[in-house]
Amino acid sequence: MRTFLRILCGCALLIHSPSPQAGDRLLGTPGASALEGGAGGGMVPWAVLAGYGTAEQIGGSAFASRVHVQDYRLDSVGAAMTFHNRLELSVTRQSLDLGSLGQAIGQPGARLRQDIIGGKLRLLGDLIYTPWPQLSLGVQYKQQRDFAIPSSVGAVRASDVDIYLAASKLWLTGPFDRSLLVNLTARATRANQLGLLGFGGDQRDRHRLVFEGSAALLLTRELAAGVEYRQKPNNLGFAREDDWRDVFLAWFPNKHLTAVVAYTWLGSIAGFADQHGPYVSLQLSY
Amino acid sequence: MPRLLLIVLLMLLGACTHRPADSLYRDLDELYGITALVDELLDQLVEEQRIVARFADTDIGRFRRQLIDQFCELSGGPCRYTGESMRVVHAGHGIDEAEFNALVETLIAAMNARDIPLGVQNRLLARLAPMQADIVGR
Numbered sequence: 003m004r005t006f007l008r009i010l011c012g013c014a015l016l017i018h019s020p021s022p023q024a025g026d027r028l029l030g031t032p033g034a035s036a037l038e039g040g041a042g043g044g045m046v047p048w049a050v051l052a053g054y055g056t057a058e059q060i061g062g063s064a065f066a067s068r069v070h071v072q073d074y075r076l077d078s079v080g081a082a083m084t085f086h087n088r089l090e091l092s093v094t095r096q097s098l099d100l101g102s103l104g105q106a107i108g109q110p111g112a113r114l115r116q117d118i119i120g121g122k123l124r125l126l127g128d129l130i131y132t133p134w135p136q137l138s139l140g141v142q143y144k145q146q147r148d149f150a151i152p153s154s155v156g157a158v159r160a161s162d163v164d165i166y167l168a169a170s171k172l173w174l175t176g177p178f179d180r181s182l183l184v185n186l187t188a189r190a191t192r193a194n195q196l197g198l199l200g201f202g203g204d205q206r207d208r209h210r211l212v213f214e215g216s217a218a219l220l221l222t223r224e225l226a227a228g229v230e231y232r233q234k235p236n237n238l239g240f241a242r243e244d245d246w247r248d249v250f251l252a253w254f255p256n257k258h259l260t261a262v263v264a265y266t267w268l269g270s271i272a273g274f275a276d277q278h279g280p281y282v283s284l285q286l287s288y
Numbered sequence: 025m026p027r028l029l030l031i032v033l034l035m036l037l038g039a040c041t042h043r044p045a046d047s048l049y050r051d052l053d054e055l056y057g058i059t060a061l062v063d064e065l066l067d068q069l070v071e072e073q074r075i076v077a078r079f080a081d082t083d084i085g086r087f088r089r090q091l092i093d094q095f096c097e098l099s100g101g102p103c104r105y106t107g108e109s110m111r112v113v114h115a116g117h118g119i120d121e122a123e124f125n126a127l128v129e130t131l132i133a134a135m136n137a138r139d140i141p142l143g144v145q146n147r148l149l150a151r152l153a154p155m156q157a158d159i160v161g162r
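Residue numbers (the working numbering), protein chains in the order written: chain H, 3 to 288; chain Y, 25 to 162.
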């Protein structure tokens, strides 16, 4: 919690201090930060790359986000750099506060941490200017750092790699002549709850292809409203894992700041059913 | 109740019907509005440090007339753009993405200054966007 607050305060200070000139991609086009780092919606990585740099520039972003459901709290912090709107590199740390589950297993205050190193390569296309979508290929190397609990419930490995292909397209004249962004992502993964509960399990220890999607309507140039959906694998016998959904509002007051508020429905997590609650995220970018 | 449903359906269909070919031209307030928009754009371009140097050798009077013709024709108005194609005009200038986006941002600022509604702005931008491939990196 203290770390989270410190980062938020740091963000606030940065906003009011002189910052480097932002890049020249158009406002809002890098989206927000995904939970696992890099540009995306809240829970889905998009084909767009972090920061505002064009093909001639370097861009970047840093973010902090929190999801708070009945029995858990997930904090994510991370940073990303994008080189020439071609390659995005990101590092992210996640920490899942086990809350009720920690009490139940006699470890109050227990948490599960995970580090993620991501790379995303734009293969072709431009979100706005090409008739075809922007297409990017991404990898996420994930290292679970507190493997004792995942291991005890059947997880097979503490680190693994997700691979995904994302397609993003923005139509300037969507419904009501507002810009509509649609993103579809196909991911090969064997992560249990993003990897916070390790990778593979007693039920299945092979990668599975899952689909993720986002749609957002830009109500104004600074405000977008959208929905997201994310399929999840189901590798652990001890508890079912459900698909995730959210609705969000994203605010882009300028190229240096993005704020997202959302409401998430995460289904059953490690035996606690029907987890849902708010999500907030702040991002700095240039 | 079925009648109410029918009315609602008809209204929805009405919202989907095709607009007349010159509806954007009319929503831009025809030649008067387009001329004012182009003048506002030129005023703002002078202040735009990222790209103003690109126009150092431009015949501004001619550029203004061609831009008005182009916006007018693109929006379905009765004008004809008679200049060279976008690809030919920009060939050899090596205009990059950052410069093109700076022009887009200046146009958006000019449209905001003219109080052009967001939906009308998006319809004009949508007709200009395909030109990016003919302008950038040539």
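Ideal Cβ positions, reconstructed from N, Cα and C, are used throughout, including at glycine.
- Give the DSSP bridge partners of H/A81, in chain order. Answer by DSSP bridge pairing, in chain order: H/A64, H/V93.
message: If I measure Cβ to Cβ from Y/A137 and keep anything under 8 angstroms in the same chain, skipping five residues before and after, which residues do I get?
response: Excluding residues up to 5 positions away in sequence, E64, Q68 lie with their Cβ nearer than 8 angstroms to the Cβ of Y/A137 in the same chain.
Would you check if the distance between the CB atom of H/E230 and the CB atom of H/G43 is smaller than 7 angstroms?
Less than 7 angstroms separates the beta-carbon of H/E230 from that of H/G43.
Check: To which residues of the same chain is H/I301 closer than 6 angstroms at the C-beta, ignoring the five residues directly before and after it?
Finding: This structure leaves residue 301 of chain H out entirely; chain H is present only between 3 and 288.
For Y/A60, would you say it is in contact with chain H, using Cβ-to-Cβ distances shorter than 7 angstroms as the test? By the rule that beta-carbons nearer than 7 angstroms mark a contact, Y/A60 does not touch chain H.
**Study point:** H/S19 (DSSP reduced to helix, strand or coil)
**Key:** Below a pLDDT of 50, predicted positions are generally treated as unreliable, and H/S19, at 44, falls in that range; the measurement from the model is reported next regardless. Residue state, collapsed to three classes: coil.
- In whole angstroms, what is the alpha-carbon distance linking H/T132 and H/T84? Distance between the alpha carbons of H/T132 and H/T84: 20 angstroms.
Quiz prompt | the region 264-276 of chain H in contact with the region 47-64 of chain H per 3-pair CB rule at 8 angstroms | solution = No, because fewer than three Cβ pairs between the region 264-276 of chain H and the region 47-64 of chain H fall closer than 8 angstroms, the two stretches do not touch.
### Beta-carbon proximity list for H/L114, same chain, < 6 angstroms, skipping 5 on both sides
The answer, listed in chain order, is L98, D148, L198.
| task | Compare the Cα-Cα distances from H/G120 to each of H/L220, H/P32, H/G39, H/G176 and report the closest residue. | result | The shortest Cα separation from H/G120 among H/L220, H/P32, H/G39, H/G176 belongs to H/G39.
What residue from Y/Q156, Y/I58, Y/L66 has the CA that sits closest to Y/R100's CA? Note that residue 100 of chain Y is Gly in the sequence shown, not Arg. Measuring from the Cα of Y/G100, the nearest candidate turns out to be Y/I58.
> If you compare alpha carbons, which of H/Q109, H/R247, H/Q145 is closest to H/T94?
Replying inline: Closest by alpha carbon: H/Q145.
Which residues DSSP lists as bridging H/I119, in chain order:
BP columns for H/I119 point to H/V93, H/Y143.
Start and end residues, alpha helix (DSSP H) containing H/Y74 = Looking at the DSSP string, H/Y74 is not in any alpha helix (DSSP H), and its letter there is neither H nor E.
Next on the checklist: Would H/G273 and H/N237 qualify as a contact pair, given that the criterion is a beta-carbon distance under 7 angstroms?
Outcome noted: Cβ distance not < 7 angstroms, so H/G273 and H/N237 don't count as in contact.
So, for H/L37: in the same chain, excluding its five sequence neighbours on each side, which residues have a beta-carbon less than 6 angstroms away from its beta-carbon? These residues qualify, in order along the chain: M45, S78.
- What residues from the region 136-167 of chain H come within 9 angstroms of chain Y, judged by C-beta to C-beta, listed N to C? Flagged: no residues at all.
* Neighbouring residues, chain H, relative to Y/L149 (Cβ below 7 angstroms) -> Neighbourhood of Y/L149 in chain H, by CB distance below 7 angstroms: L174, in chain order.
Please return the same chain residues whose Cβ sits closer than 6 angstroms to the Cβ of H/L89, not counting the five positions on each side in sequence.
If we look at H/L89 and ignore the five residues flanking it on each side, its Cβ neighbours are L123.
Requested in this report: Measuring only between beta-carbons, confirm whether H/M3 sits less than 7 angstroms from chain Y.
Outcome: A caution first: H/M3 carries a pLDDT of 46, below 50, which makes its placement in the model unreliable, though a value can still be read off. Taking a beta-carbon distance threshold of 7 angstroms, H/M3 does not count as an interface residue toward chain Y.
Please specify which runs of the alpha helix (DSSP H), each continuous and at least 4 residues long, are wholly inside the region 36-109 of chain Y, giving them in chain order. The region 36-109 of chain Y contains these whole alpha helix (DSSP H) runs: 47-51, 54-71, 84-98.
Exercise for review: Locate the beta strand (DSSP E) running through H/T31, then write down its first and last residues.
Suggested key: Run containing H/T31: none; DSSP gives neither H nor E here.
Please confirm whether Y/Q156 has its beta-carbon closer than 7 angstroms to some beta-carbon of chain H.
For Y/Q156, the answer is yes, since a Cβ of chain H falls inside 7 angstroms of its Cβ.
Taking 7 angstroms as the threshold (C-beta atoms), are H/Q195 and H/V212 in contact? The beta carbons of H/V212 and H/Q195 sit no closer together than 7 angstroms.
Option nearest H/A82 by Cα separation, candidates H/P235, H/Q72, H/G200, H/I118: Taking only the C-alpha atoms, the option nearest H/A82 is H/I118.
- Message: Once DSSP output is grouped into helix, strand and coil, what is the label at H/R189?
- Response: The answer is strand: DSSP assigns H/R189 an E or B state.
#### Entry: Local Cβ density within 10 Å of Y/F124, reported as buried at 16 or more and exposed below that
Counting Cβ neighbours within 10 Å, Y/F124 comes out buried, since at least 16 surround it.
Can you pull out the residues from the region 107-129 of chain Y whose beta carbon lies closer than 9 angstroms to at least one beta carbon of chain H? For the region 107-129 of chain Y, the residues whose beta carbon sits under 9 angstroms from a beta carbon of chain H are, in order, D120, E121, A122, E123, F124, N125, A126, V128, E129.
Q.
Buried or exposed, going by whether 16 or more other CB atoms sit within 10 Å of the CB of Y/Y56?
A. Result: exposed.
Strictly under 7 angstroms for the Cβ-Cβ distance: is H/L28 near chain Y by that measure?
Judged by the 7 angstroms Cβ criterion, H/L28 is in contact with chain Y.
> Would Y/G85 count as contacting chain H if we go by Cβ distances under 7 angstroms?
Replying inline: Y/G85 does not count as touching chain H.
Query - Three-state secondary structure assigned by DSSP to Y/P154 - result: In this structure, Y/P154 counts as helix in the three-state DSSP scheme.
Kindly say whether Y/A153, judged by its beta-carbon, lies nearer than 7 angstroms to any beta-carbon of chain H.
Cβ-Cβ to chain H under 7 angstroms: yes for Y/A153.
For the region 57-84 of chain H, which residues have a beta carbon sitting closer than 9 angstroms to at least one beta carbon of chain Y? Close to chain Y, meaning a Cβ-Cβ distance shorter than 9 angstroms, are the following residues of the region 57-84 of chain H: A57, E58, Q59.
Notebook entry, point to check: Of all the CB atoms in chain Y, is at least one closer than 7 angstroms to the CB of H/Y131?
Noted result: Answer yes: the Cβ-Cβ gap between H/Y131 and chain Y drops below 7 angstroms somewhere.
Checklist entry - Within 10 angstroms of its Cβ, does H/L126 collect 16 or more other Cβ (buried), or is it exposed? => result Flag for H/L126 reads exposed.
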